[in-house]
Amino acid sequence: MIKLCNIINKSIDFNLRKLLLNSKRIYTISSIKQSTHLPLEFKNKDYYGYKCTNRLIGDVTYNFKYYSKAKDEDVTAIIESGREFYEIQQEVNLSDFTSNYWRTLRVSKPVLLTFNVDKSSEPRMMDSVMGSGVHCKNVSSLDELFETILQYKEHKDLIGCYFNLDNNYDAYLAINKDLFEKIRLSSNSVFLDVTYPYYQSVDEYMKISKIINLVNPHVLRFCNGTLKFLLNTDLQCPLLKEDGTNEDFSMERCYYISEKYNLTVIDSSDNIVISNHNNMEVVVFPRLPQILNKIHGHNNCFGAVIASMTTLSSDNYLVPSSAAISGLDFVSSESAKNANGPGSMLHNMLDSIYNLSMSPDVISEHKTEVKFYKRK
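If you're matching positions, the sequence shown starts at 1 in the numbering used here and goes up one per residue.
What follows is the structure, given as structure tokens:
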């Protein structure tokens with residue numbers, strides 16, 4: 001398990017337009033309802049006072065109140081009345097940690113049962129998972145999935161479930177909640193992978209929220225990101241910022257969803273953010289090479305590999321998720337480096353997954369800019 005320590009006395013820099021943030025002035029932010037439509041602006045004063053209320057995205061506004069005579073460039077943002085994240089350093093070597101988890105995955109040989117994966121993506125997903133040493137089986141119904149779990153329970157210690165959710169919302173909502181609960185209690189991990197189309201109605205976003213509560217997974221991953229989801233399901237959320245691609249607010253939104261649904265959340269839309277509110281930790285990985293988008297079904301491939309790794313933990317799912325994504329960061333880098341055109345990408349990806357699984361120490365020379373944060 002990652003041991004994170006040595007808190008760096010440095011607050012996160014929130015790059016909101018020309019606002020410079022560090023540790024000398026503190027803003028507290030409280031949300032209220034208002035129907036105006038004004039942009040977010042910052043008007044600076046030298047002494048204690050109240051700022052005007054400014055309109056953000058959705059029906060949420062913020063009152064900014066500050067306490068300082070400091071210069072305007074010396075400020076710190078505290079989101080949602082006192083929430084702070086500090087960058088921290090891990091004691092263990094990330095490459096060693098990753099290689100140990102990938103080695104354990106191949107030795108343990110867990111079973112991964114998958115549901116609602118498109119037929120065109122299924123063979124590639126299964127090749128990816130089996131390349132990492134995991135036995136994979138796709139099932140056509142959750143009744144079959146539960147029966148399969150009971151069969152494997154007799155001779156397998158580690159069983160995980162990977163549920164893909166694209167636009168088949170009504171099929172999920174028609175399933176009895178008790179069946180999801182039985183599956184959750186009978187398996188080591190339940191992983192829900194959410195991909196929604198660029199255009200869909202508010203009702204469809206609300207269905208996703210209902211399905212999350214219905215499935216109650218251990219790990220929830222958003223392939224498209226969390227901003228649109230929150231904009232359409234939670235207008236009371238205090239984190240609907242104007243700059244939706246800002247890394248700091250992506251981290252805040254990921255943590256907020258982790259608190260709301262009480263699970264580990266992965267936001268893989270831009271930089272990959274993993275959050276677990278139970279231990280108040282957040283891990284941020286760099287964005288994967290966009291050339292991977294040329295591989296049809298690569299989101300299912302990577303999601304299933306992460307789901308397989310989470311079977312190795314029944315407590316803190318952030319840790320195995322981080323190990324899986326660290327390995328996939330290496331796989332992505334190697335695949336892009338050796339690409340000889342779109343047709344070679346799939347073979348490069350599968351070869352890299354297999355090589356990493358068989359010889360995990362190959363990752364020792366791989367460098368990536370991973371950041372660790374903890375809520376104060």
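All C-beta atoms in this analysis are idealised placements derived from N, C-alpha and C, irrespective of residue type, glycine included.
From a predicted model like this one, the values you see are computed outputs, not experimental measurements.
Query: Under DSSP, the beta strand (DSSP E) around residue 281 begins and ends at which residues?; Result: 281 to 285
Query: Drop a sphere of 10 angstroms on the beta-carbon of residue 162, count the other beta-carbons inside from all chains shown, and report buried for 16 or more, exposed for fewer.; Result: buried
Query: Taking the runs of the alpha helix (DSSP H) that are 4 residues or longer, which of them lie wholly in the stretch 208 to 238?; Result: 227 to 233
Query: Do you know offhand how far residue 227's Cα is from residue 270's?; Result: 11 Å
Query: Pick helix, strand or coil for residue 267, following the three-state DSSP scheme.; Result: strand
Query: Have a look at residue 112 and residue 137 and give me their C-alpha separation to the nearest angstrom.; Result: 6 Å
Query: Is it the case that the Cβ atoms of residue 287 and residue 85 are separated by a distance below 9 Å?; Result: no
Query: Tell me whether the beta-carbon of residue 132 lies closer than 9 Å to the beta-carbon of residue 357.; Result: yes
Query: Per DSSP, which one or two residues make a beta bridge with residue 159?; Result: 111
Query: Let's test the definition: count the other Cβ atoms within 10 Å of the Cβ of residue 153 and tell me whether it reaches 16, buried, or not, exposed.; Result: exposed
Query: Of the choices 147, 180, 204, whose alpha-carbon is the least far from that of residue 170?; Result: 204
Query: How many Å lie between residue 104 and residue 323 at the Cα?; Result: 11 Å
Query: Between the Cα of residue 217 and those of 185, 231, 280, 274, spot the shortest distance and give me the residue it belongs to.; Result: 185
Query: What are the boundary residues of the beta strand (DSSP E) that residue 175 is part of?; Result: No beta strand (DSSP E) holds residue 175; DSSP gives it neither H nor E.
Query: Is residue 253 near the ligand MG - that is, is its Cβ less than 8 Å away from at least one heavy atom of it?; Result: Summarising the ligand content, the structure contains no ligands, and the ligand MG is consequently not present.
Query: Along the chain, where does the beta strand (DSSP E) containing residue 135 start, and where does it finish?; Result: 135 to 139
Query: Which class does residue 101 belong to by DSSP, given the choice of helix, strand or coil?; Result: helix
Query: Using beta-carbon positions only, say whether residue 98 and residue 303 come within less than 9 Å of one another.; Result: no
Query: Just grab the DSSP bridge partners of residue 373 for me.; Result: 87, 282
Query: For the beta strand (DSSP E) that residue 149 lies in, which residues bound it at each end?; Result: First-last for residue 149: 142 to 152, but that is the alpha helix (DSSP H), not the beta strand (DSSP E).
Query: With a threshold of 8 Å, are at least 3 pairs of Cβ atoms found where one atom belongs to the stretch 140 to 159 and the other to the stretch 346 to 353?; Result: no
Query: Pick helix, strand or coil for residue 117, following the three-state DSSP scheme.; Result: coil
Query: Between which two residues does the alpha helix (DSSP H) containing residue 318 stretch?; Result: 318 to 337
Query: On the DSSP bridge assignment, give the partners of residue 192 in chain order.; Result: 163, 220
Query: Determine the closest residue to residue 139 out of 117, 121, 155, with distance taken between C-alpha atoms.; Result: 117
Query: Provide the residue(s) that pair with residue 262 in DSSP beta bridges, ordered along the chain.; Result: DSSP lists no partner for residue 262.
Query: Is the stretch 300 to 315 in contact with the stretch 365 to 373, if contact means three or more CB pairs nearer than 8 Å?; Result: no
Query: With burial defined as no fewer than 16 other Cβ atoms inside 10 Å of the residue's Cβ, what is the status of residue 120: buried or exposed?; Result: exposed
Query: Anyone know if the C-beta pair for residue 190 and residue 160 falls short of 9 Å?; Result: yes
Query: Following the continuous beta strand (DSSP E) through residue 275, name the residue where it begins and the one where it ends.; Result: 272 to 276
Query: Below 6 Å CB to CB, which residues in the same chain sit around residue 289 once its five sequence neighbours on both sides are set aside?; Result: 332, 336
Query: Count the other CB atoms, across all protein chains shown, that sit within 10 Å of the CB of residue 174; report buried if there are 16 or more and exposed otherwise.; Result: exposed
Query: Taking the alpha-carbon of residue 272 as reference, which of 259, 298, 109, 224 has the nearest alpha-carbon?; Result: 224
Query: Can you find the residues in the same chain that come closer than 7 Å, C-beta to C-beta, to residue 187, ignoring five residues on each side of it along the sequence?; Result: 149, 159, 160, 161
Query: Considering Cα atoms alone, identify which of 330, 255, 109, 260 is closest to residue 155.; Result: 109
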